[in-house]
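J.: Residue numbers (the numbering used here), protein chains in the order written: chain A, 680 to 900; chain B, 680 to 900; chain C, -5 to 249; chain D, 205 to 421; chain E, 205 to 421. Note that CB positions come from ideal geometry on N, CA and C, so glycine has one too. Model, not experiment: these values are computed from the prediction.
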Amino acid sequence: MIGISALLRRDLRLALRDGIGPWTVLGFFVIAVAVFPLGIGPEPQLLARIAPGIIWAMALLSALLSFDSVFEADYRDGSLDLLLSGRTPPELLVLTKALAHWLTTGVPLVCLAPVLAVLLHLPAEAMVTLVMSLLLGTPILSLLGIVGAAISLGARHGTVLLAIMVLPLAAPVLIFGSGAVEMTMTGLASDASLLILGGVSLGAVVVCPIAAAAALRQAVE
Amino acid sequence: MIGISALLRRDLRLALRDGIGPWTVLGFFVIAVAVFPLGIGPEPQLLARIAPGIIWAMALLSALLSFDSVFEADYRDGSLDLLLSGRTPPELLVLTKALAHWLTTGVPLVCLAPVLAVLLHLPAEAMVTLVMSLLLGTPILSLLGIVGAAISLGARHGTVLLAIMVLPLAAPVLIFGSGAVEMTMTGLASDASLLILGGVSLGAVVVCPIAAAAALRQAVE
Amino acid sequence: MVVIGQTLKRVAQPSHFMQISGRWLPWISALAVGLLAVGVYFSLFASPADYQQGESVRIMYVHVPSAWMGLFVYALVAALGGIGLIGGHPLAFAAARAAAPIGAVFTALCLITGALWGKPMWGAWWVWDARLTSMLLLLFLYFGVIVLNDAFDTVRRGEKAAAVLALVGCINLPIIKFSVDWWNTLHQPSSVMKLGGPSIDGSMLVPLLLMALAFKLGFFALWLMRTRTLVLAAKTRAAQGRMDVSSVPILEDAQ
Amino acid sequence: MLLPALPFAASFPLTAHDLTCVRGDHRVFSGVSFSLKSGQALHVTGQNGAGKTSLLRLLAGLIAPEHGTIHWQDGETVAQAPERALYIGHLDGLKPSLTAQENLNFWASFLGQGSVQPLPSDPFVVTPLLSRAVRVLSAGQKRRVSLSRLLPSSAWLWLLDEPTTALDAMSQTILWQLVQAHCARGGAVVVSSHGACPLAHAMTLDLSVPLAMAEAT
Amino acid sequence: MLLPALPFAASFPLTAHDLTCVRGDHRVFSGVSFSLKSGQALHVTGQNGAGKTSLLRLLAGLIAPEHGTIHWQDGETVAQAPERALYIGHLDGLKPSLTAQENLNFWASFLGQGSVQPLPSDPFVVTPLLSRAVRVLSAGQKRRVSLSRLLPSSAWLWLLDEPTTALDAMSQTILWQLVQAHCARGGAVVVSSHGACPLAHAMTLDLSVPLAMAEAT
Ligand code: HEM
Ligand SMILES: Nc1ncnc2c1ncn2[C@@H]1O[C@H](COP(=O)(O)OP(=O)(O)OP(=O)(O)O)[C@@H](O)[C@H]1O
Ligand SMILES: Nc1ncnc2c1ncn2[C@@H]1O[C@H](COP(=O)(O)OP(=O)(O)OP(=O)(O)O)[C@@H](O)[C@H]1O
Ligand SMILES: [Mg+2]
Ligand SMILES: [Mg+2]
């Protein structure tokens, strides 16, 4: 346990110090959201309609951005060997990594979303759904990404694998997430989509660590 | 010269083998097609309205995502030392790097843009302008990014620094680029904007390598 | 001209700088506080409400000066950075480094007051018009400069990098300034600093200028303090003896 | 310089039987057998690519043998009880952006030995380096920091892959003394190196020799 | 094993005068002066952190001296004519995902020496490794590949930072022979190492000694 918490603290500290993490996400997020109006033009209602899409797309991107560094760095500098030869079961390691990744990318995103929503003139009533959907959806992204990162670790075409594996799996999440928000905007009930998201993330918490751990053992070979 | 072409070939090979450039472009492509139409709904003219903005935003973001890997890897494994202590002037090195980056992110985007435009119902007459604007604009993004990457090399918070530095400088490009397309769609002549883009491109080719080279020398210190 | 150059050179010796700034600081600070008090009084009580904007016009007395300062300080940071890069004078870097965060605060203040003002005036906290956007970008540039300044193990490298960024970012200033004329923005065009004299009523102009002056003096006071702190910090770092004095650029007086 | 006594009375003699190692798709070595008892040291040599690192990784449970078995006396395999061995390889497992102190603390608490401030003892003189980011340390300074992980460790078996790399003469002597001390307190060591190994009592396993047997020496 | 003659008749004696080196914010060494003529070798020693790597990076023109000068006889500074020196440091500058062949070819043609297939001569026996990705090579095999860059190089001055790291006994001998051969053909070498340096004619520069002078030996 103490080992796990140490790992978590280290990963968070590294994220804060090296910039892949909250700062990057924040930066990208704000930037991306600034970029679309620049390109599309200022009409509020138009922006409002693509707001969910933009915010969710950014969520995925800022997640993607930081995946390849999740194990890559530890692998390169030999930390991974030591981590795996410790007392802690790999599944737990992976889960911790996923948690750290979520805390440093998902959470800042959830906190920032309302601000951006205001900047993009998203109607107030949709705000809650947006935050909820992100809160339920981003963990899935992190967990999927971890599996991808583990599988693609040390492999030829690593990042390629990562992108190819994560994107198709993540796209549905994206569609449900932004879909939920849009439903609220058009006055429909979004509970169904949110429930699905919640269910999927529970499933992911169980399945992904096992898959990722198996992949990791292969990687250090 | 032969040195330069060797470097270019190597960078391209690396980018394809374990780079993220082309794949983020692909990723954006998927996302844009999968997500935004959902938000906008089926109305073709609305989709067409946001198409230029979306595509240009993608251009900027996919560029941003792949910058930090431009020098980082070479810096870490010591290649940069050797590159800089070779016969080739650093400015030329940087220019080559920028070219490689453009070929792996800008060009794929230029090629994908028409497809995306069709899917987003962009009127045919705007297509040419879109491609032209991307062709003239994306090199600027690559060049700006290279400077950012060089400056932020070995810095704490490297990635977000990069984003913060590049965005304000890249924003005008975005505005002119998507502006040009929108002008064509509203029947105005877009030559002026395109000319400006072209001019800036040329200017960047001259200025950016010098700045980046200076920064690089600092970095290997 | 030459004389000014010489005096500047002399002042720029860290030792002289510490003396002179030490002597002036209290007066400047006092003056700034005083002016601020008067300015606040004028803008809150001794000036009329606007016939269409009502009381909310009073936001202007904070908004506009902070906007001006935001732009001014950025220009200053860039200029100092340039001097540092060309002349390689350590004090210039220190001064630039000291100024940046203050400028960022002014810029943020302008954005916030602007947003507060925007809600009643335009019915929205934020609109993506050219001026607002370009001002937001200026804030990003400030962040970039600040972070870059201490992103490296070697103090000097951070300062150089930050200077480069500050200089490059200058193109944003004219964009902000003239955005209102180049594009048709929601934001109103210049009415004070423009050719052919201000087109704003004296009863509002007076408090506006008072506040502007107070802000400027306030900035100078803070700026001096921060610069002095940085010089002293460098001194102490040297005193800790982990390195020898000659490797702390800021301590050697330029001959 | 004395090391704290190992936390367990019993020791875990280790037996490797008829190991075959395959990396990628080619066989590195086969038929390697040896056993390690408390206080013993095994010196692994062999030309580049002979399989020294591979052998150590096998013992650390990081890779699985193609054929053959490695297990502790009490029947556990190394993969089941990895914490009995501490592996320090070519790569130092230190984070460049963290200070030496932060790195050491992390490994100490991750490997479950509590924080290491102050260091129990500081044979490698890393104290002056603790406050600096590992990024700015010299090759040998990095190495000394990563070797300092041995001190708080309660592992019975030390797996050291060319530990003297980048160390200056002084630190090398200290390292060998440390290894001696570890054997003296009942631990065991497997160390790979290209130079001669100054450990008087060490057995030698030369992987260049086909079908090498530790008993061969 | 013979090296091709250096492409230039003239040699470029190098003079380093009163060098002071500052890394980060602290002074590493100062007052270092020496000169290198054709055929000479300089052996740099000193405890970890003494500044060996820093000195080599100075000579490679990668970092600038805080104070002091380094220049070739014809007045050029190292920064102006970096191609006269070849620096091989702690890091090998090889891309893990490329094969050894691809890596060597790249460096050969980048450093302007044309492709290296087949290798002019293969003292380090890397031929069997050429087709494999560098990622899967052992430490010493990597090292041998990166040292192979010396062969096609036409640089006059070799800057070798602890070149024997991870090399087996055999390859080490070969390396020293190669250095000898380079001196014999009129080149010069600056090599840092912790062990003794088997080069008979080498001058020694010990950076642990304050105000070291190469002439001191
Ligand atoms: C976040 C939103 C806003 C931003 C970023 C912003 C930014 C600026 C800037 C940069 C200036 C200085 C222009 C110069 O130096 O010439 C300025 C001036 C001014 N702003 Fe705003 N502004 C905002 C909102 C508003 C609103 C809502 C109003 C009132 C309707 C307003 C009224 C003014 C006025 C009257 C000036 C003085 C113009 C002059 O006389 O030169 N601003 N603003
Ligand atoms: N990039 C850097 N920034 C700041 N300080 C550095 C940097 N690189 C090295 N140093 C410091 O400079 C000193 C000299 O480092 P250098 O690598 O030259 O030593 P060295 O003689 O090569 O040691 P080793 O034998 O361990 O390789 C060390 O104290 C090190 O901490
Ligand atoms: N990850 C890997 N995948 C495939 N083959 C590998 C891998 N790692 C090492 N090898 C190969 O296995 C063999 C043994 O490698 P190993 O690192 O064990 O050698 P070593 O004895 O440690 O050599 P050195 O003295 O250079 O460290 C080498 O031929 C190497 O090419
Ligand atoms: Mg090995
Ligand atoms: Mg060194």
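Using a beta-carbon distance cut-off of less than 7 Å, what residues from the stretch 782 to 809 of chain B approach chain C?
T.: Of all residues in the stretch 782 to 809 of chain B, none has a Cβ within less than 7 Å of some Cβ in chain C.
J.: With respect to the alpha helix (DSSP H) encompassing I674 of chain B, which residues constitute its N-terminal and C-terminal limits?
T.: Residue 674 of chain B lies beyond the stretch modelled for chain B, which goes from 680 to 900, so this question has no answer here.
J.: Under a three-way DSSP split, which group does W120 of chain C fall into?
T.: It is coil, neither helix nor strand.
J.: Can you tell me the Cα-Cα spacing of L403 of chain D and V383 of chain D, whole angstroms?
T.: Near 8 Å, if we compare the C-alpha coordinates of V383 of chain D and L403 of chain D.
J.: Could you check whether I710 of chain A and L883 of chain B sit closer than 8 Å to each other, using their CB atoms as the reference points?
T.: Residue identity check: residue 883 of chain B is Ala in the sequence provided, not Leu. Their beta carbons are not under 8 Å apart, which means A883 of chain B does not touch I710 of chain A by this criterion.
J.: Using a Cβ cut-off of 8 Å (strictly closer), state whether N252 of chain D contacts chain E.
T.: Yes, its Cβ sits closer than 8 Å to a Cβ of chain E.
J.: For my contact list, S352 of chain D and V330 of chain D are in at a C-beta cut-off of 8 Å; report their separation, rounded to the angstrom.
T.: That belief holds up - the Cβ atoms of S352 of chain D and V330 of chain D are roughly 5 Å apart, short of 8 Å.
J.: Using 8 Å as the limit for Cβ to Cβ distance, is V320 of chain D near chain A?
T.: The predicted position of V320 of chain D is uncertain, since its pLDDT is 49 and thus under 50; a value taken from the coordinates is nonetheless stated next. Not an interface residue.
J.: Using a Cβ cut-off of 7 Å, pull out every chain E residue sitting near A685 of chain B, in sequence order please.
T.: Chain E residues near A685 of chain B: F310, S313, F314.
J.: Give a yes or no on whether the C-beta atoms belonging to A157 of chain C and G75 of chain C are separated by under 8 Å.
T.: The answer is yes: Cβ separation under 8 Å.
J.: Fully enclosed by the stretch 744 to 768 of chain B, which alpha helix (DSSP H) runs are 4 residues long or longer?
T.: Listed in chain order, they are 748 to 755, 758 to 763.
J.: Who are the near neighbours of S173 of chain C in its chain, counting only those whose CB is closer than 7 Å to its CB and skipping five residues on each side?
T.: The answer, listed in chain order, is A124, R125, S128, T179.
J.: According to DSSP, simplified to helix, strand and coil, what is A842 of chain B?
T.: In the structure shown, A842 of chain B sits in a helix (DSSP, three-state: H, G or I).
J.: For the stretch 230 to 237 of chain D against the stretch 719 to 737 of chain A, are there 3 or more C-beta pairs whose distance is under 8 Å?
T.: The stretch 230 to 237 of chain D, when compared against the stretch 719 to 737 of chain A, does not touch it at the 8 Å Cβ threshold.
J.: Answer yes or no: does any C-beta atom of chain E fall closer than 8 Å to that of T107 of chain C?
T.: Judged by the 8 Å Cβ criterion, T107 of chain C is not in contact with chain E.
J.: What's the call for F39 of chain C, buried or exposed, on a 16-neighbour Cβ count within 10 Å?
T.: Classification of F39 of chain C: exposed, given that the 10 Å Cβ count is below 16.
J.: If you follow the alpha helix (DSSP H) that G344 of chain D is part of, which residue opens it and which one closes it?
T.: Segment 343 to 351, the alpha helix (DSSP H) holding G344 of chain D.
J.: Is the number of C-beta pairs between the stretch 866 to 885 of chain A and the stretch 808 to 825 of chain A that are closer than 8 Å three or more?
T.: Yes, the stretch 866 to 885 of chain A touches the stretch 808 to 825 of chain A.
J.: What residues of chain B sit near L852 of chain A, judged by a beta carbon separation below 8 Å?
T.: The sequence given here places Val at residue 852 of chain A; Leu does not occur at that position. Those within 8 Å of V852 of chain A in chain B number zero; the least Cβ separation is about 11 Å.
J.: Note the first and the last residue of the continuous beta strand (DSSP E) segment covering F238 of chain D.
T.: 230 to 240 is the span of the beta strand (DSSP E), which, as asked, contains F238 of chain D.
J.: Taking its Cβ as the centre, do 16 or more other Cβ atoms sit within 10 Å of W21 of chain C, making it buried, or is it exposed?
T.: Its Cβ having fewer than 16 others within 10 Å, W21 of chain C is exposed.
J.: Quick one: grab the DSSP three-state call for R389 of chain D.
T.: Note: R389 of chain D maps to coil in three-state DSSP.
J.: Would you say L743 of chain B lies against chain C (beta-carbon separation less than 8 Å)?
T.: It does not: the Cβ of L743 of chain B has no partner Cβ on chain C nearer than 8 Å.
J.: Does A694 of chain A get closer than 8 Å to chain B when you measure Cβ to Cβ?
T.: Taking Cβ atoms only, chain B never reaches closer than 8 Å to A694 of chain A, which makes this a no.
J.: Distance cutoff 8 Å, beta carbons only. Does L371 of chain D sit that close to anything in chain E?
T.: Yes, L371 of chain D lies at the interface with chain E (some Cβ there is under 8 Å from its Cβ).
J.: Please tell me whether, using a cut-off of 7 Å, the distance from the CB of V394 of chain E to the nearest non-hydrogen atom of ligand 2 is below it.
T.: Answer for V394 of chain E: no, Cβ out of range of ligand 2.
J.: Provide the residue span of the beta strand (DSSP E) that contains I274 of chain E, from first to last.
T.: Note, I274 of chain E: beta strand (DSSP E), 271 to 276.
J.: Hey, would you say V248 of chain D sits closer than 8 Å to L411 of chain D, going by beta carbons?
T.: Contact flag set, yes.
J.: Thinking I681 of chain A and G297 of chain D are a contact (beta carbons under 8 Å), I'd like their distance in whole angstroms, please.
T.: The Cβ separation is near 19 Å, so there is no contact.
J.: Listing by chain order, which chain G residues have their CB less than 7 Å from the CB of S342 of chain D?
T.: Annotation note: the requested chain G is absent from the structure, which comprises protein chains A, B, C, D and E.
J.: Cβ of D365 of chain E versus every heavy atom of ligand 5: is any distance shorter than 7 Å?
T.: D365 of chain E Cβ: within cutoff of ligand 5.
J.: Is the beta carbon of T331 of chain E within less than 7 Å of some heavy atom of ligand 5?
T.: No; taking the cut-off as 7 Å, the Cβ of T331 of chain E has no heavy atom of ligand 5 nearer than that.
J.: Is any heavy atom of ligand 3 found at a distance shorter than 7 Å from the C-beta of S301 of chain E?
T.: False, no ligand heavy atom lies under 7 Å from that Cβ.
J.: Considering Cα atoms alone, identify which of D:A304, D:F238, D:K256, D:V349 is closest to D222 of chain D.
T.: Selected option, being the one with the closest Cα: D:F238.
J.: Among the residues of its own chain, which have a CB less than 7 Å from the CB of V320 of chain E, if the five just before and after it don't count?
T.: Per-residue confidence for V320 of chain E stands at a pLDDT of 49, beneath the threshold of 50, marking its modelled position as unreliable; the derived number appears in the next sentence. Excluding residues within five positions, the ones whose Cβ falls inside 7 Å are L308, N309, A312, P356.
J.: Using a Cβ-Cβ cut-off of 8 Å, state whether L772 of chain B counts as contacting chain C.
T.: Not closer than 8 Å to any Cβ of chain C, the Cβ of L772 of chain B fails to qualify, so no.
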